[in-house]
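Notes for the one structure printed next.
Protein chains in written order, with full-length UniProt numbering: chain A, 1 to 318; chain B, 1 to 230.
Spelled out as structure tokens, the structure:
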């Protein structure tokens, strides 16, 4: 976890990075006008997975807690939003309730997990993720069991329905913006600096008066809430939620996205997530559906060629 | 006032402090002296709550702190400047201070007045500072928490003599402002320059206390306790 960005991360937005962010925002807003529907749908998936990966980066990059069960909170959010939509609540309120459900689950799981560290934290989060998947498999009356929740109605915003590719994209893009703004505001605040301080030297931060466990629990709950929010977007995007959405593979892919993007930078986790979705869902189709094989090769190459992820490449070239 | 009574502490199955007692008055600077391995750093770590005492009492202004967590000890008014400084190399000077600052007793402006070099380099990563500046930053960070007692562990370690005299001036100013100081230091010139009293440790306990002037003239005892030549 020593590959850290310079500084503890108080807001210092340069003109150059601000201009770049504005250019990316404009490009994303205009995407449905220049992309084919399939490409727009892929970009929608990238945004959902990007927000999920960024929420994991809050744990991995900011406070140094690598979770192997983060998909549990994505899934809880997705099931919550899916269940609410099936019962008539399709408005963005469902996203907030999805985030709340995941935050509540994160509070319970975090209370247990953050008291451990290292391998024990990994195992605990993995176990909690597996328990969540088993519950999703077996609680058929609510989750639909192995079939999952299907036939989820399209999300709505007032009189507008996100039923076609473009409107769904904008719905997800809006949610992505809200989620990223929340993560960024925490990351760039003095609170974010305290989280990084705890990651780099917990003993020193405790000696400065910070009760580290409370901060770690806060980060865990916030990461779970944003993952749940992304889960709500996932339910709206797929119109289907299955137990695999909160399984280990999803958690591992998110961790992969954080590593390949470069931990400690939220945008890098999004970039890593986009790369994974691109390789798995686009490039994978060109090699007879062997996307997972490509992902494996990509991961090995990334570990050897980009130890600090994509975000570390400019630093390496200097 | 700090009152330590019958303090026992250590690591694992090993006991380092054996019934140590000492007292630091408000505004007093006490130098804790002793040969390597007598438990000076363990004493500071135990006072800070980083090492849990097995027995004994640590009272700061009447408040019992033995067994409290480090964050609770910090909020009760004790700050530690650890050996080796333990600064964050990639973090700027100002971010260090901002992260630590608490209360009104040492606002950022006052800290920069005490350490003007840091004010000039406030936007630089701490890793770019000289050894002396890093030590100043470690002290500055500890002061920012608004303590009534500051613990300094080998502050002159690795510093050039000229820098040590700057350090002595800063510590003296801290004491004059009413802060209590416990300094563990091998450089006796610095210890004698800033402290009014000394406590000498042998095998995990304080065996001798005296005023600095009395101790520095008692060559026989200094030789006996510290191995110093007369």
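The beta-carbon is built from N, C-alpha and C at its ideal position, and this holds for glycine as well.
What you are looking at is a predicted structure, and each value in this text was computed from that prediction instead of being measured.
With a 10 Å radius around its C-beta and 16 neighbouring C-beta atoms as the bar for buried, classify residue i as buried or exposed.
i: residue 164 of chain A; result: exposed
i: residue 9 of chain B; result: buried
i: residue 197 of chain B; result: buried
i: residue 22 of chain A; result: exposed
i: residue 70 of chain A; result: buried
i: residue 87 of chain A; result: exposed
i: residue 133 of chain A; result: buried
i: residue 16 of chain A; result: exposed
i: residue 55 of chain A; result: buried
i: residue 113 of chain B; result: exposed
i: residue 80 of chain A; result: buried
i: residue 280 of chain B; result: Outside the displayed range of chain B (1 to 230) lies residue 280 of chain B, so it cannot be described from this structure.
i: residue 171 of chain B; result: buried
i: residue 111 of chain A; result: exposed
i: residue 183 of chain B; result: buried
i: residue 198 of chain A; result: buried
i: residue 119 of chain A; result: exposed
Does any CB atom of chain A fall closer than 8 Å to the CB of residue i?
i: residue 59 of chain B; result: no
i: residue 102 of chain B; result: yes
i: residue 145 of chain B; result: yes
i: residue 230 of chain B; result: With a pLDDT of only 43 at residue 230 of chain B, under 50, the local geometry of the prediction cannot be trusted, and the value read off the model is given with reservation. No, its Cβ sits nowhere closer than 8 Å to a Cβ of chain A.
i: residue 71 of chain B; result: yes
i: residue 159 of chain B; result: no
i: residue 110 of chain B; result: no
i: residue 189 of chain B; result: no
i: residue 99 of chain B; result: yes
i: residue 10 of chain B; result: no
i: residue 137 of chain B; result: no
Below 7 Å CB to CB, which residues in the same chain sit around residue i once its five sequence neighbours on both sides are set aside?
i: residue 45 of chain B; result: 51
i: residue 195 of chain A; result: 62, 63, 215 and 219
i: residue 5 of chain A; result: Because residue 5 of chain A sits at a pLDDT of 40, beneath the cut-off of 50, its placement in the model cannot be relied upon, and the point is left open.
i: residue 115 of chain A; result: 213
i: residue 333 of chain A; result: As displayed, chain A neither begins before 1 nor continues past 318, which places residue 333 of chain A out of reach and without an answer.
i: residue 55 of chain B; result: 6 and 8
Under 8 Å Cβ to Cβ from residue i, same chain only, skipping five residues before and after it: list those, please.
i: residue 76 of chain B; result: 60, 63, 65 and 68
i: residue 319 of chain A; result: This structure cannot settle anything about residue 319 of chain A, because the visible part of chain A is limited to 1 through 318.
i: residue 34 of chain B; result: 40, 200, 201, 202, 225 and 226
Who are the Cβ neighbours of residue i in its own chain at under 6 Å, not counting the five residues just before and after it?
i: residue 108 of chain A; result: none
i: residue 139 of chain B; result: 81
For residue i, verify whether its CB is less than 7 Å away from any heavy atom of the ligand SAH.
i: residue 113 of chain A; result: Looking for the ligand SAH in the displayed structure turns up nothing, as the structure carries no ligands at all.
With a threshold of 8 Å between beta carbons, is residue i in contact with chain B?
i: residue 4 of chain A; result: For residue 4 of chain A, the predicted structure reports a pLDDT of 38, less than 50, and the residue's modelled location is therefore unreliable. A value from the coordinates is still provided. Yes, residue 4 of chain A counts as interfacial toward chain B.
Determine, for residue i, whether the minimum Cβ-Cβ distance to residues of chain C falls below 8 Å.
i: residue 237 of chain A; result: Given the protein chain composition of this structure (A and B), no chain C is represented.
Mind listing which residues of the region 187-215 of chain A have their C-beta closer than 7 Å to chain B's C-betas, in chain order? Identification of residues in the region 187-215 of chain A having a C-beta nearer than 7 Å to some C-beta of chain B yields 190, 193, 194, 197, 200, 201, 203, 204, 206, 207, 208, 209, 210 and 211, given in sequence order.
Going along the region 74-96 of chain B in order, which residues come within less than 8 Å of chain A, judged by CB to CB distance? Within the region 74-96 of chain B, those residues whose Cβ lies closer than 8 Å to any Cβ of chain A are, in chain order, 74, 75, 79, 80, 82, 86, 88, 90, 91, 92 and 95.
Mind listing which residues of the region 42-69 of chain B have their C-beta closer than 9 Å to chain A's C-betas, in chain order? Going along the region 42-69 of chain B in chain order, one finds 48, 49, 50 and 69 with a Cβ nearer than 9 Å to chain A.
Please identify, using Cβ separations under 7 Å, the residues of the region 205-224 of chain B that lie next to chain A, in order along the chain. Cβ contacts with chain A: none found.
Could I get the ranges of all uninterrupted beta strand (DSSP E) runs contained in the region 133-170 of chain B, with 3 residues as the minimum, in chain order? You should have 149-153.
Would you list, in sequence order, the uninterrupted beta strand (DSSP E) runs of no fewer than 3 residues that lie entirely inside the region 271-317 of chain A? You should have found no qualifying run.
Could you run through the region 111-128 of chain B and flag, in chain order, every residue whose CB is less than 9 Å away from some CB of chain A? Against chain A - using a Cβ distance shorter than 9 Å - the residues of the region 111-128 of chain B are 125.
List, from N- to C-terminal side, the alpha helix (DSSP H) runs of 4 residues or more that fit wholly inside the region 108-155 of chain A. For secondary structure counted as the alpha helix (DSSP H) over 4 or more consecutive residues, the region 108-155 of chain A holds these complete runs in sequence order: 118-138 and 140-143.
Runs of 4 residues minimum, wholly inside the region 58-108 of chain B: which ones carry the alpha helix (DSSP H) assignment? Runs of the alpha helix (DSSP H) inside the region 58-108 of chain B: 70-76 and 93-100.
Unbroken alpha helix (DSSP H) runs of length 4 or more, entirely within the region 161-218 of chain A: which are they? Qualifying alpha helix (DSSP H) stretches, in chain order: 165-187, 190-200 and 202-207.
Suppose only complete runs of 4+ residues qualify. What are the alpha helix (DSSP H) ranges in the region 33-112 of chain A, listed by chain order? When DSSP assignments are scanned along the region 33-112 of chain A, the uninterrupted stretches of alpha helix (DSSP H) that are 4 or more residues long and fall wholly within it turn out to be 37-57 and 71-86.
At what residue ranges does the region 11-66 of chain B contain a whole run of the beta strand (DSSP E), taking only runs of 3 or more? If we require 3 residues or more, the beta strand (DSSP E) runs fully inside the region 11-66 of chain B come out as 14-24, 29-33 and 55-60.
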